[in-house]
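Presented below is the structure to which this report refers.
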Amino acid sequence: MPGGGAAGAPHRRLAPGRLVLASHNAGKLREVAALVAPHGLQVVSAGELGLPEPAETEDSFLGNAAIKALAAARASGLPALADDSGFSVAALGGDPGVRTADWAEQPGGGRDYAMAMAKVAALAAPQADRRAWFTCALVLAWPDGHTEGFEGRVEGHWVQPPRGDRGFGYDPMFVPEGGDETFGEMDPAAKHRISHRARAFALLAAACLPPAG
């Protein structure tokens with residue numbers, strides 16, 4: 006389980022410098038780079054370094070994020086941050102959840118999120134329950150195998166048809182609680198303030214990152 010070691014042990018602090026984002030997702034790279042920049046960290050993606058994507062074999066967001074973060078840290082010799090996030094629908098028992106990206110996989114390779122959103126809507130539409138949520142697990146790993154893990158969640162509901170061309174993934178079909186715009190319609194700065202990733206990042210920053218400048 007990712008974390009700071011024994012109960013009550015202090016979290017490990019990250020020094021300013023380079024940080025590998027254990028992802029090949031350009032949308033995640035943009036969001037994470039914007040979040041860590043005030044802390045004196047320069048992000049390089051696993052894709053830019055030519056690192057392979059490890060198999061995500063765990064059944065939890067934190068478990069899969071730890072796999073990715075540890076693989077990138079050990080391969081690069083640098084601290085690495087991994088994000089495992091997913092979209093969950095109450096009427097589907099929490100699916101697609103940890104298999105969020107798998108639902109978008111195409112037979113010939115690549116991911117089609119328009120197809121995935123249509124699948125979610127088709128399966129969930131017969132149910133009256135429109136509740137949905139995004140979960141984000143962030144795991145920070147060092148080359149020596151130490152990890153720190155944090156999780157954030159944002160509640161809301163799903164809509165069909167999807168709206169907006171901002172964000173990525175399932176953003177166009179999710180309206181956060183108390184709002185009327187989807188994540189795909191919102192200004193990116195407004196999304197960053199309330200998103201599941203921002204909530205997980207706030208916990209990580211308080212525990213492990215250098216003070217923001």
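Under our numbering, the letters of the sequence shown match residues 6 to 218, in that order. Backbone N, C-alpha and C fix where the C-beta goes; we use that ideal spot for every residue, glycine too.
In this structure, ALA60 sits away from HIS29, with a CB-CB distance that is not shorter than 8 Å. For the options GLY45, LEU19, ASP88 and ASP134, the alpha carbon positioned closest to that of GLU58 is the one of ASP88. Counting along the chain, PHE139 sits inside the beta strand (DSSP E) bounded by residues 136-146. In the DSSP assignment, PHE155 forms a beta bridge with LEU143. Residue range 179-181 is occupied by the beta strand (DSSP E) that includes PRO181. Between PRO193 and ARG158, the C-beta gap is not smaller than 8 Å, which leaves the two residues out of contact.
In the structure shown, PHE188 adopts coil according to DSSP, grouped into three states. Three or more pairs of CB atoms, one per stretch, sit closer than 8 Å, so the segment 115-133 contacts the segment 164-182. Secondary structure at GLU61: coil, using DSSP grouped into helix, strand and coil. Excluding the 5 residues flanking it on each side, HIS16 has same chain C-beta neighbours closer than 7 Å at GLY9, GLU153, ALA212 and CYS213, in chain order. Note on geometry: alpha-carbon atoms of LEU145 and ARG116 lie some 26 Å from one another. SER65 has its alpha-carbon roughly 25 Å from the corresponding atom of LEU83. Checking the DSSP bridge columns, you'll see PRO101 partnered with SER93.
Here the alpha carbon of PRO131 sits roughly 19 Å from the alpha carbon of GLY102. Just measuring C-alpha positions, the residue of ALA70, GLU63, ASN69 and ALA76 sitting nearest GLY55 is ALA76. Annotated as proximal: GLY189 and GLY169, with beta-carbon spacing under 8 Å.
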